[in-house]
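So for the sequence shown, the numbering used here puts the first residue at 1031; every next one is plus one.
Each residue gets a CB set at the ideal place from its N, CA and C atoms; glycine is no exception.
Bear in mind the structure is a predicted one, so any value in this text is a computation, not a measurement.
Data block below; observations after.
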Amino acid sequence: MKVGTRGFTLMEVLLAIGLAAVVVLTLLALGAQSLRASQKSGDADRALMVAENVLERVAAHVKADNPAGCRDSFWNDPGTAPWVPPWDANTTVKVEGTEYRYTIFTSRVTNQLNGQILGTGPAGSEVPDNGLKKVDIVV
């Protein structure tokens, strides 16, 4: 052994290993968090796509009154419970191999000043089929 050759002390080696472990664990935690955020974003995008698809189908069926009675079922729904479309009591949609369940809620939109249903006309000349409904789709 040469005199004057300097090596690392045990304390320096342990400190370096500890610092490297902290860096690696921090990077792993950030990677996992990034992966979760990415997955959550993808799930939100698919849920939005499902909700838009369901809303378009509801609007088309209600407008065409297909099946018969669909329009009345929609407009006469009091909004106290989820609305089940007459053409599809299953309330599931499959997108990219994943099945999504959805629930449709409808409510009449009223004028907050007088409580009248919006879109039906002034008192005495109401047009019930001309009301305004809010549709919420929970996926």
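In the three-state reduction of the DSSP assignment, residue 1122 falls in the strand class. The continuous alpha helix (DSSP H) containing residue 1076 extends over residues 1040 to 1094.
Bridge pairing for residue 1132: absent [DSSP]. With three or more CB-CB distances shorter than 8 Å, the segment 1115 to 1124 counts as touching the segment 1092 to 1104.
Its chain contains 1085, 1088, 1134, 1135, 1136 as the residues whose beta carbon lies nearer than 8 Å to that of residue 1165, once the 5 sequence neighbours on both sides are disregarded; these appear in chain order. If you draw a straight line from the Cα of residue 1139 to the Cα of residue 1095, it comes to about 21 Å.
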